[in-house]
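Protein chains in written order, with my numbering: chain L, 12 to 508; chain A, 12 to 508. Note that the Cβ used here is the ideal one computed from N, Cα and C, for glycine as well. Since the structure comes first, as structure tokens, the remarks are kept for the end.
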């Protein structure tokens with residue numbers, strides 16, 4: 012990911028700093044984060060990267076605005092997609108197409124780490140396609156990131172409905188050009204990309220035969236899920252790892268505040284936590300810790316299991332000291348490595364800014380903590396605060412539309428709605444993933460099904476398989492591909508009849 | 012309908028005249044025409060009008076652009092809808108809501124003539140809602156017709172995807188405000204409104220429990236239906252009425268051209284056909300005749316059956332004269348009444364212009380006659396001609412998107428696609444309606460069904476029932492409401508379980 016370059020107008024440095032320093036953290040929706048970067052020493056990732064050599068890159072002249080006929084709407088931009096036809100049976104064979112929907116990041120990282128398609132393409136004789144989401148990576152309207160993100164008039168076209176229509180256009184064109192009109196298309200995505208995959212099956216069933224929606228919190232929208240669900244699950248993860256760990260973390264926030272309230276308190280905290288650039292408010296430290304805990308929970312994956320790693324360190328420290336903050340520091344050291352100092356300044360990537368735009372417009376995910384029922388401090392979701400912080404970043408003419416996703420894609424009574432409508436969707440979730448709180452966790456019908464793993468975390472199933480994978484993860488993927496094969500077989504039977 | 016007032020910029024008189032005079036008729040998609048105006052002497056229509064007194068008018072502050080976050084997108088306009096709660100069981104009772112989707116006309120005419128909702132509301136204890144389509148009637152963005160239609164930048168928001176989202180927003184808001192969240196919503200529409208109804212069930216199943224799509228040619232789009240299907244069915248109608256009538260009409264075009272080619276030919280034709288303002292080209296007469304024949308076929312309804320009326324007159328005339336054009340004139344007199352002269356100048360209404368915009372943007376219905384297999388002259392559909400004529404009317408920055416509807420809503424292999432996806436849609440068609448050629452004429456699944464009447468025409472089932480209705484029409488409506496009741500019963504059973 013390219014680092015954010017501070018080149019453009021509205022999003023100038025002072026604004027951004029103001030935003031970073033002053034925003035209530037809870038109003039910043041955590042990046043759903045398609046998949047975590049896999050460490051380069053992972054052999055399977057290297058294998059996946061090697062196969063990347065066989066992926067060819069293409070660009071589609073994408074319509075800027077599918078739902079408008081103003082002169083600007085006809086403008087096109089180059090949308091990047093990649094294909095690997097090594098395993099594909101070829102044109103006019105009705106062989107399947109596995110399509111990965113890019114989410115809130117450049118597609119490059121997914122191409123490296125999402126091994127699901129590569130793993131099953133050979134036995135399906137499938138074509139592999141990765142499509143990048145508009146306004147990320149190289150799929151930038153208006154020619155460049157700087158132009159695309161320069162103001163709300165250029166950013167306005169950046170939303171999930173347009174992205175779904177992009178995918179529809181690319182796939183229709185691609186199938187036609189490859190003489191693959193009768194090829195069944197299975198769409199696959201993780202996290203926000205998983206939402207897109209499930210919504211695509213619901214909105215474009217004539218293009219996507221089925222969807223694998225991994226860790227897709229499609230119910231984390233207005234009125235559907237308690238705001239604190241994300242944090243309740245993260246809390247459960249820590250409780251399960253160790254009650255001492257949970258208690259230590261839960262007690263730490265007031266300790267931090269107590270020290271911060273002293274005249275030299277911020278300096279003391281900066282020293283205690285070895286912070287490179289001394290903090291100006293205790294919230295900087297608390298936000299950083301919160302991010303660490305939630306990230307560890309979201310990506311609590313084998314073989315490391317970072318929640319256990321943090322808690323083990325806290326538990327060991329608890330044996331040698333009664334000082335809560337020393338215990339907390341032990342957790343930081345375990346998670347981040349033993350460093351001379353810890354840099355609290357986050358690098359804001361282009362993709363971070365893109366996701367921020369999305370959560371400031373249609374993807375209003377109301378996460379917050381109204382009650383003292385998690386291990387985190389109370390921090391309610393307040394729409395007004397979100398709006399203000401969005402306007403501080405993007406200008407006063409942007410206003411979140413919290414009702415929109417539920418109006419456009421539904422959610423209320425989803426079981427009743429989809430019991431007799433829709434088909435061929437897998438909602439997969441790892442129950443340690445805090446985002447699973449907004450996921451579909453029950454079977455809805457014969458072919459709209461939930462696959463759950465008790466010990467799984469965010470989008471684990473999509474990662475490149477490893478020989479060290481636990482049995483439940485191997486089994487999860489096997490179930491998924493078996494269901495997908497069933498859809499394809501049923502489709503072929505229908506074609507023949 | 013307000014007459015078109017020639018007040019605004021691009022659409023100035025010279026352009027319009029150029030458009031009217033020079034356009035190849037085949038490139039102008041006939042108005043789908045929700046329902047024909049019912050003569051005022053019809054008692055049932057009077058009854059329907061009386062009930063109009065109980066309809067209350069409301070306005071919803073509608074989002075101008077649902078799929079964009081540019082500053083302009085947030086603008087709202089007043090969207091008109093009407094409700095009649097006389098039969099409704101009220102809030103918190105889960106009583107049904109019957110919703111009529113306005114199409115390419117002000118809603119007023121539909122409120123008068125669409126009696127289907129009024130007829131069945133009492134036995135269903137249903138709330139009746141009529142919603143007007145954006146850019147028609149009083150639901151005009153930018154404050155007025157003149158502003159809304161002044162250029163492509165203001166017209167750009169005028170398309171079917173935005174209209175569907177409008178209906179979604181109105182219904183979500185309305186159900187909430189009425190404490191009717193659990194009320195099943197049945198959406199009903201005719202012609203283009205029928206397309207909208209079926210698409211709504213497919214795209215917004217969480218809002219619409221089921222759809223009655225009357226005479227909805229959702230398959231009359233690119234690559235789905237032969238271009239001449241509309242004209243083939245009209246031809247069949249005339250053949251069935253009388254082979255002599257069909258032959259007379261079929262032979263008449265060359266007769267007209269032959270006379271027109273003479274030095275005083277156009278004058279002769281004007282006299283012969285009693286045209287008020289002499290014609291400047293034979294196409295003016297031929298277009299007018301074609302419009303008469305197709306309109307008679309589309310609205311070939313009891314008790315008059317205009318196709319038979321025209322053909323009877325032609326057949327009677329055929330006994331007294333061998334002159335083809337005298338026979339044709341007899342048909343005109345029968346259809347239009349015996350007038351001193353016939354005015355060929357069409358009044359262009361606001362709604363006509365709205366429909367023209369829609370067929371110039373997303374609703375590209377490729378109607379034309381490539382072969383000499385109808386009773387009409389050859390007149391192929393040529394996209395380039397359509398584009399040119401659209402640009403002549405609306406400006407060079409509008410370009411039809413012929414692929415869009417099929418990408419957005421599907422159509423290819425609809426039976427396979429919807430066999431295992433979607434539910435609760437009735438596609439009703441009268442097989443004399445030329446637009447039935449683009450309709451869904453076969454059952455797709457248990458609950459996505461086709462209801463056909465051999466002698467029916469365009470959107471007959473939606474009209475206010477009359478005691479003179481033929482049995483097949485009474486039966487058609489009874490089948491429809493019986494199916495709708497089944498959906499509602501099934502929904503209630505699901506609510507209870």
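For the alpha helix (DSSP H) containing residue i, list its first residue and its last residue.
i                      : result
residue 265 of chain A : 254 to 271
residue 169 of chain L : Where residue 169 of chain L is concerned, there is no enclosing alpha helix (DSSP H), given that its DSSP letter is neither H nor E.
residue 428 of chain L : 425 to 430
Rounded to whole angstroms, what is the Cα-Cα separation between residue i and residue j?
i                      : j                      : result
residue 144 of chain L : residue 411 of chain L : 20 Å
residue 400 of chain A : residue 295 of chain A : 17 Å
residue 280 of chain L : residue 215 of chain A : 53 Å
residue 276 of chain L : residue 270 of chain L : 5 Å
residue 367 of chain A : residue 286 of chain A : 26 Å
residue 461 of chain L : residue 491 of chain A : 35 Å
residue 9 of chain L   : residue 458 of chain L : The first residue shown for chain L is 12 and the last is 508, placing residue 9 of chain L beyond what the model contains.
residue 433 of chain A : residue 151 of chain L : 35 Å
residue 69 of chain L  : residue 103 of chain A : 54 Å
residue 246 of chain L : residue 452 of chain L : 19 Å
residue 382 of chain A : residue 406 of chain A : 32 Å
residue 507 of chain A : residue 425 of chain L : 16 Å
residue 224 of chain A : residue 261 of chain L : 58 Å
residue 204 of chain A : residue 129 of chain A : 18 Å
Helix, strand or coil for residue i, going by three-state DSSP, please let me know.
i                      : result
residue 80 of chain A  : coil
residue 335 of chain L : helix
residue 346 of chain A : helix
residue 53 of chain A  : Its pLDDT being 42, under 50, residue 53 of chain A is placed unreliably in this model, and the value from its coordinates should be taken loosely. Coil at residue 53 of chain A, not helix or strand.
residue 353 of chain A : strand
residue 455 of chain L : coil
residue 38 of chain A  : At residue 38 of chain A, the pLDDT of 42 sits below 50, so the modelled position is not reliable and the matter cannot be decided from this model.
residue 179 of chain A : helix
residue 465 of chain A : coil
residue 502 of chain L : helix
residue 125 of chain A : strand
residue 398 of chain L : helix
residue 135 of chain A : helix
residue 380 of chain A : strand
Between residue i and the ligand NAD, is the CB less than 7 Å from at least one heavy atom?
i                     : result
residue 95 of chain L : By its list of ligands, the structure shown contains no ligand whatsoever, and the ligand NAD lies outside what it can speak to.
Note down, in chain order, every chain L residue with its Cβ under 7 Å from the Cβ of residue i.
i                      : result
residue 81 of chain A  : 163, 164, 167
residue 408 of chain A : 82
residue 372 of chain A : 80
Can you list the residues of chain A that residue i reaches, using a CB-CB cut of under 9 Å?
i                      : result
residue 173 of chain L : 78, 79
Report back the beta-carbon spacing between residue i and residue j to the nearest angstrom; my notes put them in contact at under 8 Å.
i                      : j                      : result
residue 112 of chain L : residue 142 of chain L : 6 Å
residue 288 of chain A : residue 356 of chain A : 7 Å
residue 136 of chain A : residue 191 of chain A : The Cβ separation is near 12 Å, so there is no contact.
Find the residues of chain A that neighbour residue i, judging by a C-beta separation of less than 8 Å, and give them in chain order.
i                      : result
residue 5 of chain L   : The question about residue 5 of chain L has no answer here: the residues shown for chain L are numbered 12 through 508.
residue 423 of chain L : 192, 217
residue 433 of chain L : 216, 432, 433
residue 459 of chain L : Those do not exist, as residue 459 of chain L stays about 10 Å from chain A at its closest Cβ, beyond 8 Å.
Given that residue i touches chain A, what residues does it touch there, using C-beta distances under 7 Å?
i                      : result
residue 214 of chain L : 214
residue 95 of chain L  : The premise fails here: residue 95 of chain L is roughly 24 Å from chain A at the closest Cβ pair, so nothing lies under 7 Å.
residue 92 of chain L  : In chain order: nothing, as chain A lies at least about 16 Å away.
residue 399 of chain L : The premise fails here: residue 399 of chain L is roughly 16 Å from chain A at the closest Cβ pair, so nothing lies under 7 Å.
residue 180 of chain L : 418
What first and last residue would you give for the beta strand (DSSP E) that runs through residue i?
i                      : result
residue 92 of chain L  : 87 to 95
residue 71 of chain A  : 67 to 74
residue 141 of chain A : 138 to 142
residue 473 of chain L : Per DSSP, residue 473 of chain L belongs to no beta strand (DSSP E) and is neither H nor E.
residue 441 of chain A : 436 to 441
residue 200 of chain L : 196 to 201
Under 8 Å between beta-carbons, which chain L residues line up against residue i? List them in chain order, please.
i                      : result
residue 542 of chain A : Given that chain A is displayed from residue 12 to residue 508, the structure contains no residue 542 of chain A and the question cannot be resolved.
Using the beta-carbon of each residue, which ones in chain L are nearer than 9 Å to residue i?
i                      : result
residue 160 of chain A : Neighbours of residue 160 of chain A on chain L: none; closest Cβ ~13 Å, over 9 Å.
residue 381 of chain A : None at all; the shortest Cβ gap to chain L is about 22 Å.
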